[in-house]
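Asks: The working numbering runs 65 ahead of the 1-based position in the sequence shown. Glycine included, every Cβ here is placed at the ideal spot set by N, Cα and C. My questions all concern the structure below.
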Amino acid sequence: MSTPAGAAAATELTPVLTRTQLAVLTAYVALIEELGTDDVPFRLIARRSGVAERTVYRTYPTRTQLLVATAAWVEATAFAREATESVFDVPLTVRETMRAYSERPELAHVAAETPLRAVSDAAAGDEALPAETTHVPRLVREELGTADDERQRHLTAALTHLDSPATWVVLRQELQMEPRDIADAAAWAAEVVLRPSPREGGER
Numbered sequence: 066m067s068t069p070a071g072a073a074a075a076t077e078l079t080p081v082l083t084r085t086q087l088a089v090l091t092a093y094v095a096l097i098e099e100l101g102t103d104d105v106p107f108r109l110i111a112r113r114s115g116v117a118e119r120t121v122y123r124t125y126p127t128r129t130q131l132l133v134a135t136a137a138w139v140e141a142t143a144f145a146r147e148a149t150e151s152v153f154d155v156p157l158t159v160r161e162t163m164r165a166y167s168e169r170p171e172l173a174h175v176a177a178e179t180p181l182r183a184v185s186d187a188a189a190g191d192e193a194l195p196a197e198t199t200h201v202p203r204l205v206r207e208e209l210g211t212a213d214d215e216r217q218r219h220l221t222a223a224l225t226h227l228d229s230p231a232t233w234v235v236l237r238q239e240l241q242m243e244p245r246d247i248a249d250a251a252a253w254a255a256e257v258v259l260r261p262s263p264r265e266g267g268e269r
């Protein structure tokens with residue numbers, strides 16, 4: 066069974082950071098959880114991280130760039146997914162990931178909302194592109210390679226969306242579901258996605 070391994074987890078999807086970047090992101094994440102908002106002044110981030118405020122700005126010139134880096138880092142650490150052996154284990158991964166989001170909701174919101182903010186911020190450039198946080202694309206290619214390209218794209222898109230903070234936000238904020246129900250619903254949806262379509266018969 067694959068589970069989020071917490072902040073100490075290291076995977077090939079974890080961003081490579083400099084010492085300064087790590088200090089800034091660690092401080093920012095702590096402040097987000099303490100204050101309940103990502104609108105933390107750079108001077109406060111600098112004070113907590115032990116670097117000059119100008120260093121924070123030099124490292125992350127805009128709020129969007131800071132958020133993009135933070136979202137990628139928390140997804141790869143606080144919400145890390147261990148490598149799964151089979152695409153059919155994804156529902157279990159989704160269940161555990163949803164539980165992790167429920168335990169750290171402020172960070173889940175940052176991870177979910179940052180891509181939308183980044184898209185509207187032209188200054189973010191290529192850094193606004195979301196980092197890959199899941200092994201789903203690889204698993205689909207390796208195990209379901211006999212499916213046609215369209216089917217593979219649909220499976221990858223659906224499973225990747227389900228294994229994301231955006232799904233957690235919808236179930237929690239819009240549907241007002243409790244953590245256990247969120248985990249159950251997302252895992253069940255992933256199981257449904259993996260079922261063979263009528264035209265595929267019972268091959269899987």
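Taking just the CA atoms, how far does A137 sit from I110?
Replies: What you label residue 110 is simply residue 45 of the sequence shown in a count that begins at 1. What you label residue 137 is simply residue 72 of the sequence shown in a count that begins at 1. Roughly 18 Å between the two C-alpha positions.
Asks: What is the DSSP secondary structure of R146, counted as helix, strand or coil?
Replies: In the sequence shown, the residue the question calls residue 146 occupies position 81. The answer is strand: DSSP assigns R146 an E or B state.
Asks: Short of 7 Å in beta carbon distance, which residues of its chain neighbour E256, apart from the five on each side in sequence? Order them along the chain.
Replies: Along the sequence shown, one-based indexing puts residue 256 at 191. Closer than 7 Å at Cβ, skipping near neighbours: P156.
Asks: I'd like the span of the alpha helix (DSSP H) that includes S229, first residue to last.
Replies: Here residue 229 corresponds to residue number 164 of the sequence shown, with the count starting at 1. Secondary structure note for S229: it is in no alpha helix (DSSP H), with a DSSP letter that is neither H nor E.
Asks: Three-state secondary structure (DSSP) at T102?
Replies: In the sequence shown, residue 102 corresponds to position 37, counting from 1. Looking at T102 - three-state DSSP - the assignment turns out to be coil, as it is neither helix nor strand.
Asks: List the whole-angstrom C-beta distance separating L227 from A254, where the pair is believed to meet the contact cut-off of C-beta under 8 Å.
Replies: Sequence index remark: in the sequence shown, residue 227 carries index 162 (1-based). Sequence index remark: in the sequence shown, residue 254 carries index 189 (1-based). Confirmed, Cβ separation roughly 6 Å.
Asks: Quick check on H299: does DSSP put it in helix, strand or coil?
Replies: The structure shown has nothing for residue 299, since the chain only spans 66 to 269.
Asks: Mind checking A117: buried by the 16 CB within 10 Å criterion, or exposed?
Replies: Here residue 117 is taken as the residue at index 52 of the sequence shown, counted from 1. Under this definition A117 is an exposed residue.
Asks: Is D214 helix, strand or coil when you go by DSSP?
Replies: Along the sequence shown, one-based indexing puts residue 214 at 149. Note: D214 maps to helix in three-state DSSP.
Asks: Which residue comes first and which comes last in the alpha helix (DSSP H) that contains D249?
Replies: As a position in the sequence shown, residue 249 is number 184, starting the count at 1. Run containing D249: 244–259, per the alpha helix (DSSP H) assignment.
Asks: Quick check on the burial criterion: 16 or more other C-beta atoms within 10 angstroms. Buried or exposed for D103?
Replies: Here residue 103 is taken as the residue at index 38 of the sequence shown, counted from 1. By the 10 Å Cβ count, D103 comes out buried.
Asks: Using the Cα positions of A182 and R206, report the straight-line distance between them to the nearest angstrom.
Replies: On the sequence shown, position 117 is the one that residue 182 refers to. On the sequence shown, position 141 is the one that residue 206 refers to. The displayed chain sequence assigns Arg, not Ala, to residue 182. Looking at the two C-alpha atoms, the distance is approximately 30 Å.
Asks: Would you call the stretch 120–127 in contact with the stretch 199–218, where contact means no fewer than 3 C-beta pairs closer than 8 Å?
Replies: Remark: fewer than three beta-carbon pairs, one from each stretch, lie closer than 8 Å, so the stretch 120–127 and the stretch 199–218 are not flagged as touching.
Asks: Take E81 as the anchor and find which of T135, D214, A95 has the nearest alpha-carbon.
Replies: Counting from one through the sequence shown, the residue named residue 81 turns up at place 16. Looking at the sequence itself, residue 81 is Val, so the reference to Glu does not match. Ranking T135, D214, A95 by Cα distance to V81 puts T135 first.
Asks: Taking all protein chains shown into account, decide if E239 is buried (16 or more other Cβ within 10 angstroms of its Cβ) or exposed.
Replies: As a working note, residue 239 is residue 174 in the sequence shown. Its Cβ having fewer than 16 others within 10 Å, E239 is exposed.
Asks: May I have the straight-line CA-CA distance separating A231 from E178, to the nearest angstrom?
Replies: The residue you call residue 231 lines up with position 166 of the sequence shown. The residue you call residue 178 lines up with position 113 of the sequence shown. Approximately 8 Å between the Cα atoms of the pair.
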